[in-house]
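All remarks here apply to the structure that follows.
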Amino acid sequence: MTDRIKEILNYYKSENPGVLTNLARLLNHGRLGGTGKLVVLPVDQGFEHGPGRSFAPNPDGYDPHYHFRLALDAGCNAYAAPLGFLEAGAADFAGQIPLILKANNHDVLHAEEDPIGGQTASVSDALRLGCVGIGYTIYPGTIHRRLLYEQLRELTLEAKSVGLVVVVWSYARGGDISKQGENALDIIAYNAHIAAQMGANIIKVKLPSDHLELDAAKKVYEENKIPLKSMTDRVRHVIQSAFNGRRIVIFSGGPKRDSDEEIFNDIRAIRDGGGFGSIIGRNSFQRKKEDGIALLNNVMKIYSGDIK
Amino acid sequence: MTDRIKEILNYYKSENPGVLTNLARLLNHGRLGGTGKLVVLPVDQGFEHGPGRSFAPNPDGYDPHYHFRLALDAGCNAYAAPLGFLEAGAADFAGQIPLILKANNHDVLHAEEDPIGGQTASVSDALRLGCVGIGYTIYPGTIHRRLLYEQLRELTLEAKSVGLVVVVWSYARGGDISKQGENALDIIAYNAHIAAQMGANIIKVKLPSDHLELDAAKKVYEENKIPLKSMTDRVRHVIQSAFNGRRIVIFSGGPKRDSDEEIFNDIRAIRDGGGFGSIIGRNSFQRKKEDGIALLNNVMKIYSGDIK
Amino acid sequence: MTDRIKEILNYYKSENPGVLTNLARLLNHGRLGGTGKLVVLPVDQGFEHGPGRSFAPNPDGYDPHYHFRLALDAGCNAYAAPLGFLEAGAADFAGQIPLILKANNHDVLHAEEDPIGGQTASVSDALRLGCVGIGYTIYPGTIHRRLLYEQLRELTLEAKSVGLVVVVWSYARGGDISKQGENALDIIAYNAHIAAQMGANIIKVKLPSDHLELDAAKKVYEENKIPLKSMTDRVRHVIQSAFNGRRIVIFSGGPKRDSDEEIFNDIRAIRDGGGFGSIIGRNSFQRKKEDGIALLNNVMKIYSGDIK
Amino acid sequence: MTDRIKEILNYYKSENPGVLTNLARLLNHGRLGGTGKLVVLPVDQGFEHGPGRSFAPNPDGYDPHYHFRLALDAGCNAYAAPLGFLEAGAADFAGQIPLILKANNHDVLHAEEDPIGGQTASVSDALRLGCVGIGYTIYPGTIHRRLLYEQLRELTLEAKSVGLVVVVWSYARGGDISKQGENALDIIAYNAHIAAQMGANIIKVKLPSDHLELDAAKKVYEENKIPLKSMTDRVRHVIQSAFNGRRIVIFSGGPKRDSDEEIFNDIRAIRDGGGFGSIIGRNSFQRKKEDGIALLNNVMKIYSGDIK
Amino acid sequence: MTDRIKEILNYYKSENPGVLTNLARLLNHGRLGGTGKLVVLPVDQGFEHGPGRSFAPNPDGYDPHYHFRLALDAGCNAYAAPLGFLEAGAADFAGQIPLILKANNHDVLHAEEDPIGGQTASVSDALRLGCVGIGYTIYPGTIHRRLLYEQLRELTLEAKSVGLVVVVWSYARGGDISKQGENALDIIAYNAHIAAQMGANIIKVKLPSDHLELDAAKKVYEENKIPLKSMTDRVRHVIQSAFNGRRIVIFSGGPKRDSDEEIFNDIRAIRDGGGFGSIIGRNSFQRKKEDGIALLNNVMKIYSGDIK
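Those sequence lines, one after another, are chains A, B, C, D and E.
Just so it is clear: in the first sequence, position 61 is 61 by the numbering used here, and no numbers are missing.
Count along the second sequence from 1, then add 308; that gives the number in the numbering used here.
Count along the third sequence from 1, then add 616; that gives the number in the numbering used here.
Count along the fourth sequence from 1, then add 924; that gives the number in the numbering used here.
Count along the fifth sequence from 1, then add 1232; that gives the number in the numbering used here.
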């Protein structure tokens, strides 16, 4: 148990030892185990976007075992997926990699400005499948966000009482948020803060752009000269907004990147801005396995400092 | 146990001893302990307005421990916050300051004439975190207020049965209330009365202006010559409206003030009008810690009579 | 919050902040508040031995309010009693002194070698009465101890989940324990250890004599030369047996004392042996109030070091 | 509401207003309404002793309506009976007299040294029948008393939560209590105290003799010269033992009386010793109705002071 | 994940992935991780035999943290203890070593030919403390074994449904089993088989002697010439009896050994007879820490084949 992991666990003193144990399992697994950084493989795109869109670029990904092996072989800290994908491999790969059960999901079969999704798995599922935690997506900014917050609240209380870690994906959406605004710095920081206030142990947000979406926020950001030009500065602001570094925040890619090098620069910004790591889905499983592993390993090396 | 605290507890004879005990803890803690006046530090602005808008003016406020320490060092009666902020410090500061868990919250990511928010914490959370009470915000005047009233009713019943104090933030909003009307005397008095009728033990409203919003009310106020020119008179009317002094009503700032001296004059009006105290958030944590403490201590001195 | 209290709370890191909060309330109340020592007034003798035997020596003690006032005026850390006694004063003295609800009781109307008692109050009662914890008596050594252990287990799980402290009175009894053996050092140490293993936050045992009851234990004590001649040594061994000082152990009088000076010597031994304090019932309420307070205050002065 | 009733209600401040309301109904009904004294008609002898033994002396008593009318016509404060008797008249006499549902009963069809009885009615029954309270009999001193205490505990918690008054019949019995001992002063005082500690609002015991049963108690009674020669003194001691007058204690006849005058002398003793009243069954319904009413009215006149 | 661990997990295909995950955690932790052999540190002797008898030989063992550290430093696969010992360190050592919660315990304060013990912890406790499994002791042969079997059955069903491994300690006792018979080969084999039939995932028995206790068994053993002269043969028979190697069986020392070399010979016999490992309590914590670690490491080296 490294000092850094002890320090991070110390941020979660109000949780019971069960939650701390599963948090430690997550932080201590894989190539980044013990560093306090983490890389998670998430594969819920089949549900969220449809299977063809998700897996045609690398058809091996249709097979649920593929993702267990990818996460394992790449040395990820954890693999996160909906109920079915986990059920399809949890016995086969039992004890080999920490699992996070995505407990709600949304599909694109009905056009909605304000996505809401539905709860598709339970705390009991997470326990019977041997997961270390559950995941849940909220969409702050949507008209139904109240329903999402209330479902998350009940899940969180139950999950923590049985020692499961709670991971919250937080994405602002909805009619009042512009497309550009979904990645705006003020919005991403707000997303992270809301998730933390809801009791999330780990928070997943997108990387922010330098756009500011809300007028009232923009005024304050400008008055207080909050640095936002570099990605590193913006990550730092998001981390600050999630309890000043006392909550684990991990990032997915924001604006589309043209090359792996751009991805690596993002990783450097996360690392240098005090972020805790990445959640990398499409960029890892939509290419050949060896390429996915290569990408993930480069990412891990940047986090561990082996690559600058 | 001072005579005044006994008198106040006596207003709540229908509550069980558990509620009375937590009410006494609140009233007896901090610099104003025993006076029957109270000053509460609330920090839910991160959720309600976004983290940057809330904490950029004094970046120490991003850290949840900061607010525990501010409330403690200033000698506040209690600290009120959403689930995440309390979880981030409840173990570290256990037993040092009475805590109120804000059990619903609202964000500004969706423009709504009729805010509704969602329940973001439970009575079980309040018990496991060692809180003395829960807080809940209602928006009389909004089209969804029925949902709020009904959620509050269930929470209140459960909270009181386990000895928790119920604090209600009551703000009229919605399409039929003008911006000016939100602070109108008749509206604020109405807000306080509805919260009291819902079973609130402690009521939080804004300071009222001398505007009268509702025509039917205006007629009666004028016929009966209800004094409303001075803030002291208006506070007196609000206190009267909340069961004639038999319910604890505390105030936040209403119309924006230009100087601390204006704030202090408000405090004098609350004191002289029979108000029970203040809930002071942004004015205390959006400045440097020593300045926040200085402000709060001046406020407390006005309440205690050490400053006239 | 003194360093010593922080150190003690640190022994209970697996508990939720609610339990820590109530533990802190107990440790910070009264004249010994903050020292890490505690003196508790227990009055369950009316139930356990009958009212006449308990209160005739000082008839003021028939009145339940008397004991609230005695505990308050003497500056005790807490008052512990069965349901009825607490109900008779919990509203009148709400918030004035930490209360511990004795959740099981035994009477002497049926001669039993193996006492068992019954559960006479619930966790819900403790919450509605505003208690900081519940108390429960186990009788290791009795044929029915299994029932007591299992009832305690369920109560403990429920109590801790709502933030209540669990106090266990542990007295070996039953056909295989000699009268002398009930106070034997090996037995008292065993009592303390069992209570700690059951999850007690605070443990109450009798002061031990230098007798050793169990042959198998006697052999080990003699081989390992466990010091047992002085009361201080014996207290030290009991504290060691209760997780080496990581659990709060408080003592009642063991063998009957002839004078207050003998009681004070016991207190010195508890203090010097690392004990956490005393629970003093009959010696405090079976004499006139001013004499009871005088005794308790001398006891507290010994604990605080004001008297050597 | 007389001052005396207010004073009595004040003893029950920890109870919710529902319990206080039903307690007030009881205390304010009938000829003794408002005096703080009460006379209750109990008819559970049919179950406890068999119908013939109970009703043959006055066959009108086989009819459940008879007892409702008797209680009404005599001006009793309440009528207490098992489920069936109440069901047979509760609709007919709805709102005419406070009802107490005897929730457990014992028959004599199986010879037992240690009676235990069974729960024969529920809190739900009490509510649907419009009762002001429930009654429950405990037998301290029996080997199974633990079961009775635990059943009473659960009933009491439930009953009070819905505003019902809890009346406890408390009679020591069992292998270790001599026949004479069942009425001994120390035992009756102990019975009353146990019922009070269990949370009873109203306690029913037998009138005590001057016998002392328990050696340990006898020693203390003699040392402390507790007066016990006159019935008045003995009643005073029982009242003292039930929280020093803070719990309503009512008495049934103890040793068999030869004449009504002896009964009246008992009533005088109850009155002068600070007792709260009587529960008079067989002496009222086992004689002709007008004689029963005459007796009850004389009793009431003694309580009210109309007869010395 | 080694082939041997995969093979072992394959024996438990009927269990859900949660149980398999925790089983894998156990088998993959520590110095023997991945070998399919395991060494567990159990410390329940304080409860079972008393604290002095257990810890006086090495007083560091009074401190609950000592055993966490011992298990960690020696590289054990898991640490098993009652509720209190785990609560005293579960937060401090969260995620550092797999924990097994001993869910029932027995003390020696009442002489019993037929021990029964009591359930002292729950599945909920195991989850909130982050355990991989629960432990439970059955005493086949005792008159109350039915209670134990039924309590185990319920616990097992609940534990497995939430993914916890079930470890059963199985010791024949009771009036019909001779002292010698408690270690007899036919009895130990029977113990192991009963535990396996009850659904245990891991079984703990004593090392068997060459005695045969039951006449009916003896006849068959002799007829079929079951080899029992060497310990290796006897271990092989026990393993056979526990589903022919399809259930993990671990051994504690049987007959008292005079030297570590004798212990090591036992370990060799367990290894060569197909046993899965050892549970070593007193021999590891009743000596100085470095000696305990040295012993455990030699044991592990024998299991891993590093020592022959």
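We treat Cβ as the ideally placed atom computed from N, Cα and C, and that holds for glycine.
Open item on the list: On the criterion of 16 or more Cβ atoms from any shown chain inside 10 Å, does ARG1052(D) qualify as buried, or is it exposed?
Closed with: ARG1052(D) comes out exposed.
Open item on the list: Output needed for LYS288(A): all residues of its chain with C-beta closer than 7 Å, excluding positions within five of it in sequence on either side, in chain order.
Closed with: Excluding sequence neighbours, LYS288(A) sits near ASN58.
Task: Continuous alpha helix (DSSP H) stretch holding VAL1144(D): start and end - done: Per DSSP, VAL1144(D) belongs to the alpha helix (DSSP H) from 1139-1147.
- [ ] For ALA690(C), I'd like the list of residues in its chain whose CB is within less than 6 Å of its CB, leaving aside the five on either flank, ordered along the chain.
- [x] Only ILE909, LEU912 meet the Cβ criterion.
Open item on the list: What does DSSP give as the partner residue(s) for SER894(C) in the beta ladder?
Closed with: Its beta-bridge partners are VAL655(C), PHE867(C).
Task: Segment limits, beta strand (DSSP E) that includes ALA1552(E) - done: There is no way to answer for residue 1552(E), as the model of chain E reaches only from 1233 to 1540.
Open item on the list: Looking at the secondary structure, which residues open and close the alpha helix (DSSP H) in which LYS314(B) lies?
Closed with: For LYS314(B), the enclosing alpha helix (DSSP H) has its first and last residue at 311-318.
Task: Within chain C, partners of ASN16(A) - CB distance below 9 Å - done: Taking a Cβ-Cβ threshold of 9 Å, the residues of chain C close to ASN16(A) are SER630, GLU631, ASN632, in chain order.
Open item on the list: Please tell me whether ALA1096(D) and GLY1054(D) are closer than 8 Å, where the distance is taken between their beta carbons.
Closed with: No, Cβ-Cβ distance for ALA1096(D) and GLY1054(D) is not below 8 Å.
Task: Buried/exposed call for LEU1033(D), threshold 16 Cβ in 10 Å - done: Classification of LEU1033(D): exposed, given that the 10 Å Cβ count is below 16.
Open item on the list: Taking the straight line between their C-alpha atoms, what separation do you get for SER586(B) and ALA1027(D)?
Closed with: Rounded to whole angstroms, SER586(B) to ALA1027(D) spans 51 Å at the Cα level.
Task: Neighbouring residues, chain B, relative to ASN644(C) (Cβ below 8 Å) - done: Here the neighbours are GLY403.
Open item on the list: Residues in the same chain with beta-carbon distance under 8 Å from PRO1214(E), minus the five sequence neighbours each way, listed in chain order, please.
Closed with: Examination of residue 1214(E) is not possible in this model, given that chain E is present from 1233 through 1540 alone.
- [ ] Quick one: grab the DSSP three-state call for GLY1042(D).
- [x] Note: GLY1042(D) maps to strand in three-state DSSP.
Open item on the list: Considering Cα atoms alone, identify which of ALA429(B), ALA524(B), VAL543(B) is closest to LEU515(B).
Closed with: Ranking ALA429(B), ALA524(B), VAL543(B) by CA distance to the CA of LEU515(B) puts VAL543(B) first.
Open item on the list: Going by DSSP, what residue range makes up the alpha helix (DSSP H) through VAL1251(E)?
Closed with: Per DSSP, VAL1251(E) belongs to the alpha helix (DSSP H) from 1249-1260.
Task: Under 9 Å by beta carbon: chain B residues contacting MET814(C) - done: None at all; the shortest Cβ gap to chain B is about 21 Å.
Open item on the list: Output needed for TYR627(C): all residues of its chain with C-beta closer than 6 Å, excluding positions within five of it in sequence on either side, in chain order.
Closed with: So the list reads ARG862, once near-sequence residues are dropped.
Open item on the list: Give me the residue from ASN265(A), ASN283(A), SER241(A), LYS301(A) with the minimum Cα distance to GLY358(B).
Closed with: Per the Cα distances, SER241(A).
- [ ] Identify the contact partners of PRO698(C) in chain E, using a Cβ-Cβ distance below 7 Å as the criterion.
- [x] The premise fails here: PRO698(C) is roughly 24 Å from chain E at the closest Cβ pair, so nothing lies under 7 Å.
- [ ] Return the first residue and the last residue of the alpha helix (DSSP H) that GLY925(C) is part of.
- [x] Here chain C has residues from 617 to 924 only, and residue 925(C) is not among them.
- [ ] Assuming ILE511(B) and ALA504(B) form a contact by the criterion Cβ under 8 Å, report the distance between their Cβ atoms to the nearest whole angstrom.
- [x] With a beta-carbon spacing of about 6 Å, ILE511(B) and ALA504(B) fall inside the 8 Å limit used to define contacts.
Open item on the list: Which residues of the region 1094-1108 of chain D have a Cβ closer than 8 Å to any Cβ of chain C? Give them in chain order.
Closed with: Correct list: ALA1096, GLY1098, GLY1099, ASP1100, ILE1101.
Task: Continuous beta strand (DSSP E) assignments of at least 3 residues falling wholly in the region 690-729 of chain C - done: Runs of the beta strand (DSSP E) inside the region 690-729 of chain C: 694-697, 715-718.
Open item on the list: Bridge partners for ARG752(C) per DSSP, in chain order?
Closed with: It is Tyr, not Arg, that sits at residue 752(C) in the sequence shown. In the DSSP output, where bridge partners are listed per residue, TYR752(C) has VAL784(C).
Open item on the list: Does LYS1392(E) come out as helix, strand or coil in the three-state DSSP assignment?
Closed with: In the structure shown, the three-state DSSP call for LYS1392(E) is helix.
TODO: With DSSP as the reference, label ILE1434(E) as helix, strand or coil.
DONE: Here ILE1434(E) sits in strand by DSSP.
Open item on the list: Using 8 Å for Cβ pairs, my map puts VAL1437(E) next to LEU1255(E). What's the rounded Cβ distance?
Closed with: With a Cβ gap of about 19 Å, VAL1437(E) and LEU1255(E) do not count as contacting.
TODO: Could you tell me which of GLN1104(D), GLY1229(D), SER1176(D) sits nearest to VAL963(D), measuring between CA atoms?
DONE: Answer by Cα proximity: SER1176(D).
- [ ] At 7 Å on the CB atoms, spell out the chain A contacts of LEU1359(E), in chain order.
- [x] Going along chain A in sequence order, the residues near LEU1359(E) (Cβ under 7 Å) are GLY18, VAL162, GLY163.
Open item on the list: Against GLU150(A), what residues of chain B qualify as contacts under a CB-to-CB distance less than 7 Å, listed in chain order?
Closed with: Within chain B, the C-beta atoms nearer than 7 Å to that of GLU150(A) come from GLY426, GLN427, in chain order.
Task: ALA1343(E) beta carbon less than 8 Å from that of LEU1258(E) - done: One thing to note: LEU1258(E) has its Cβ no nearer than 8 Å to the Cβ of ALA1343(E).
Task: Whole-Å CB distance - ALA1416(E) paired with VAL1470(E), under 8 Å assumed - done: Their Cβ separation, rounded to whole angstroms, is 11 Å, which puts ALA1416(E) and VAL1470(E) out of contact at 8 Å.
TODO: Going by CA-CA distance only, name the one from ALA429(B), ILE446(B), ILE442(B) that's closest to ILE408(B).
DONE: Comparing alpha-carbon positions, the option among ALA429(B), ILE446(B), ILE442(B) lying closest to ILE408(B) turns out to be ILE442(B).
Task: Cα-Cα separation, SER1102(D) to LEU1138(D) - done: If you take the alpha carbons of SER1102(D) and LEU1138(D), they lie about 10 Å apart.
Open item on the list: If I follow the unbroken alpha helix (DSSP H) through LEU1264(E), where does it start and stop?
Closed with: From DSSP, LEU1264(E) is part of no alpha helix (DSSP H); its letter is neither H nor E.
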